[in-house]
Amino acid sequence: MSALAPADLDALRRAAGEAAVDASAAREIDGAKLHATVTPGDADALARTVAALAERSIGCVIAGGGTRLALGNPPRDARILLSTRGLSGVLELDAEEGVARIQAGTPLATARTAVEEAGWELPFDPPGARTTLGGVLASGAVGPRHLGYGRPRDLVLGLDVVLGDGVATRCGGRVVKNVTGYDLMKLHVGACGAFGVISAAWLRLRPRPESERLFAATLPDTPDAIPRAIAAARVPTVRACVLIDARIAPAVEPRRAPALGWLLLVECAGDEAAVARDALRFASELGAEETAGGALARARALQGETFGSVGLRFRLAVLPSRLREVARELHGAGAALLVHPGSGLVHARIALDAETDGAGLDRAWLAARTAAQGGAGHVVLESAPGWAKAVRDVFGDPSDEWRLARSLKSRFDPASVLNAGRFVGGI
Amino acid sequence: MSRSELVAALRGIVGESQCLARPEELLPYECDGLTLHGAMPSAVVLPRDTEEVARVVRACRRFGVPFVPRGAGTGLSGGAIAMEGGVVIECSRLDRVLAIDAENRLAVVQPGLVNAVLSKAVAPHGLFYAPDPSSQAACTIGGNVGENSGGPHTLKYGTTTNHILALQMVLPDGDVVRIGSPTGWNAGPDLLGAVIGGEGTLGIVTEVTVRLSPIPEAVETLLAIFPDVVAACRAVGRIIRSGLVPAALEIVDRRTIEAVEASVYAAGLPRDAGAVLLVELDGARPAVDRQIERIREAAGAESASRVDVARDAAERERFWRARKGAFGAMGRLAPDLYVHDAVVPRAKLPEVLERVCAIADRHRLRLSNVFHAGDGNLHPNISFDRRDADELARVIAAGREILEVCVAAGGAISGEHGIGVEKREYMKLVYSDADLEAMCRLRAAFDPDLVCNPGKVFPTTRFCIEANPKARGYDGVPL
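Protein sequence lines correspond, in order, to chains A and B.
So for the first sequence, my numbering puts the first residue at 1; every next one is plus one.
So for the second sequence, my numbering puts the first residue at 1001; every next one is plus one.
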């Protein structure tokens, strides 16, 4: 990919504003060279910037806090880093209704503070201290509390999106129930920016729970460990339930981590009396003890980690009833697991031996694919060194949806400038 | 190629008896639950499996005839009628439960399965299917997918889109594809979101994997009587602000109470009540018990004259009759009923209701309100006689004004009934040309030739046609 011409930079400066374009520091993402960062200051500037990129066929990588830049196939053209950080702030917060309109570049932590001050809870808790709302929505990332909060797709009421040709659009609205035309929100949530750049979102908030309590238990490595964890996750007040391999559990609960088997964290939230009843149940059925909330934050951080810079991290989604076999398959490949037994999500970390351990990569993929197929689900390679991502599609095996995705890409981003090459099938 | 050749080709696929083509057979398909709009199909087919649906679609393509899927035809926006002399693909023979996986809380069903039958089928496993539109005894899962149907329990449980895990569908080019995953997670674009609520314009759904929910440990139903509808709305605001998320929060206004009490649906409501608030609480027993007290407090603070808790299943059913019997009760008032559907931010409900009633009064129309108050989802019902041309014109005019009021309040023009033909011209009240054009891009990715349920959702002028210059004009009008 050729470098940026001075005329390209001029066009971007005209679109986004002189101060919004920084060509001083070059970077790389998965081997693709970034020449400049553009940080539009508002949604109009964002639309003008994307229009300029499309007109000149300059590819960009979209970034919020930069937490999940590792997600996706290697970019085909990443000359521009398009930052949403200039679109920051809560635009509207209706404390009466429990809905808020928040700009995409708003750090989740900032949004959370504002929402909590208004007496509500922001229902997103993915790993990453700098993560922004736009990043969470575009990646569809979830944290341990997704069990209680729901999936990001289910929490978005409306979106402002700039399409790949710079057209600013709005879909959905601010009301909690809406079938006015197609639901385009869900198309953009989790699409890694392939079809547009999210600039703001209307979100449904949750009431703050009256009571929140965290419990930890150890489960021996017996066949009933995972079924017991699934049963715990299905107790109505449970908001988060995480099962962590003994091998990596000391990072979460240094004192309680077992030598073998699993560490189980269960967080209950809601009505005080109901939570108290479930606490007794966990104590008697699992021998669970109450622990400080920091353990859940550490588990969340652990979910986003790898074994060093050359390590792999897969995310599998499988049927809960198949988790036992899935875990066995992955353990056989030397993986360390962090499992959300209630929803069937498995984060599997695998160490590679060397900088270019092709055989290790193949073994890891084979195990991950076998496990995913056995679990009636799929696997995504969420984090890996650049060379390892160039070998095969990080989103796993093609499906019918990929063909439709290609057709959508050609219509929503005709010049293919938004995160080009990064999403499924290299679109 | 002629219509008789088309019918012969369709009969070759589904069999003689499963393809209707005589005028008297087609008449029931002229309209759906919204009788204001009608269009006669050229034929109706009743396929028995996915393969037959795919072959019917391919035959329609060969003949250049559009097609439209249809469930029970209970829709209220004209979504299931065949414009441009299209073929109706009737899904009533695709009505089986294919699999129940209680361990993973899911079921695989065919689109023609009746909503209430599904919940009944999974009840022995301690599970239920949460979306329960008022027509659940008749409407089908496929129709619910098409419309992204809601119902009285969406406040807590969400709408259809939150409960569908995967779909098999026949695309408008006749290809059979699977989208979504039984796991509920995607490794690719979330196409379920678009297809659910796509009003049958993106393809014909032939198999549905649904998420099932555990039957809650405790359910309590409360009925509170208020002096007027504003007080009832305020009580709803108090309840939501206090952090409760009841399973249902439904309000019935005075005009509806009068109609219900005069009908076979009579629920024993005081006839002088200004409004009734129906609250359903579900969840863990200790939580529900405490919530009952909080509801009593909230209702009392907004001058409720009484709050009753249903003592048993029979009483719960009687309470619900006040709400669910409303549409039937209206039948006593006039031959036709126009059930409107719009959403506003909940806090705006009192002022919007006042304006809605004023609009009806100004147009000399009989209007009553039942609504999903927790969601801000209004259903102003207008009783009228369609044979009275003047009254019909006033009904239409009032309908548009009601939607304008809701949009001005920050709301949406449909919460659960869809756009269909009914509201396609009103889409511009909510969306800009660019917003609508973005929807057309999605449409074009699935149905570039606009053959799948044409004439719905989008305004008749220009939209989607721009995205595809080769496409026909709507309603047979050449470009």
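Note that beta-carbon positions come from the ideal geometry of N, C-alpha and C, so glycine has one too.
Model, not experiment: these values are computed from the prediction.
Query - Neighbouring residues, chain B, relative to W402/A (Cβ below 8 Å) - result: G1188
Query raised in the report: Can you tell me where the beta strand (DSSP E) with N1377/B in it begins and where it stops?
Result: 1377–1384
Report task. Assign R1346/B to one of two classes, buried (16 or more other C-beta atoms within 10 Å of its C-beta) or exposed (fewer than that). Result -> buried
Query raised in the report: Of all Cβ atoms in chain B, is any one closer than 9 Å to the Cβ of P320/A?
Result: yes
**Report entry** CB contact below 9 Å: A1467/B versus chain A
**Finding:** Here the model assigns A1467/B a pLDDT of 47, short of 50, so the residue's position is not dependable and the matter cannot be decided.
Query raised in the report: Under 9 Å between C-beta atoms, does A1471/B make it to chain A?
Result: Summary for A1471/B: the model assigns pLDDT 45, below 50, so the residue's position carries little reliability; its value from the coordinates is reported in the next sentence. So, not an interface residue.
Requested in this report: Check whether the Cβ atoms of T1221/B and E1315/B sit closer than 9 Å, and answer yes or no.
Outcome: yes
Query raised in the report: Are P1111/B and G1086/B close, meaning C-beta to C-beta below 9 Å?
Result: no
Report task. Give me whichever residues DSSP pairs with N1369/B in a beta bridge. Result -> P1380/B
**Report entry** Secondary structure, beta strand (DSSP E): runs of 3+ residues fully inside the stretch 215–303 of chain A
**Finding:** 238–245, 262–270, 289–291
Query raised in the report: Would you call the CB atoms of G1411/B and K1348/B closer than 9 Å?
Result: yes
Requested in this report: Just confirm the distance between the C-beta atoms of T1183/B and V318/A, as a whole number of angstroms; I'd bet it's less than 8 Å.
Outcome: 6 Å
Query raised in the report: What does T169/A pair with, by DSSP beta-bridge criteria?
Result: V161/A
Query - P1069/B - containing beta strand (DSSP E), residue span - result: 1067–1070
Requested in this report: Confirm, please, whether the CB-CB distance from E272/A to S211/A is below 9 Å.
Outcome: yes
Report task. Jot down the residue ranges of each uninterrupted alpha helix (DSSP H) in the stretch 93–123 of chain A, minimum 4 residues, whole runs only, in chain order. Result -> 108–117
Query raised in the report: Between which two residues does the alpha helix (DSSP H) carrying W1320/B extend?
Result: 1313–1324
**Report entry** Where the beta strand (DSSP E) containing S383/A begins and where it ends
**Finding:** 378–383
Query raised in the report: Can you tell me whether DSSP reads Y1338/B as helix, strand or coil?
Result: strand
**Report entry** Y1265/B to I1164/B span [Cα, whole Å]
**Finding:** 33 Å
Query raised in the report: Residues in the stretch 1427–1446 of chain B with C-beta within 8 Å of chain A's C-beta atoms, listed in sequence order?
Result: M1427, V1430, Y1431, S1432, A1434, D1435, L1436, E1437, A1438, M1439, R1441, L1442, R1443, A1444, A1445, F1446
Report task. Rounded to whole angstroms, what's the CA-CA distance from L264/A to T1074/B? Just pull it up for me. Result -> 48 Å
Query raised in the report: Grouping DSSP H, G and I as helix and E and B as strand, with all else coil, what is W387/A?
Result: helix
Query raised in the report: What does G1418/B touch in chain A if you count any residue whose Cβ is under 8 Å from its own?
Result: V179
Query raised in the report: Within the 9 Å Cβ cut-off, does R256/A reach chain B?
Result: no
Query - Distance, E55/A Cα to V1356/B Cα - result: 48 Å
Query - 9 Å Cβ cutoff, D1049/B in contact with chain A - result: no
Query raised in the report: Which runs of the alpha helix (DSSP H), 4 residues or longer, sit entirely within the stretch 312–360 of chain A?
Result: 323–332
**Report entry** Min CB distance K389/A to chain B below 9 Å
**Finding:** no
Query raised in the report: Which residue or residues does DSSP assign as beta-bridge partners of I1100/B?
Result: A1107/B
**Report entry** Assigned exposure category for V391/A - 16 Cβ within 10 Å defines buried
**Finding:** exposed
Report task. Taking all protein chains shown into account, decide if S83/A is buried (16 or more other Cβ within 10 angstroms of its Cβ) or exposed. Result -> buried
Query raised in the report: In the DSSP assignment, what are the bridge partners of G1283/B?
Result: A1218/B
**Report entry** Contact with chain B by Y149/A, beta-carbon distance below 9 Å
**Finding:** no
Query raised in the report: Can the beta-carbon of L71/A be found less than 9 Å from the beta-carbon of L408/A?
Result: no
Query raised in the report: Can you tell me whether A1008/B is buried or exposed, with buried defined as 16 or more other CB within 10 angstroms of its CB?
Result: exposed
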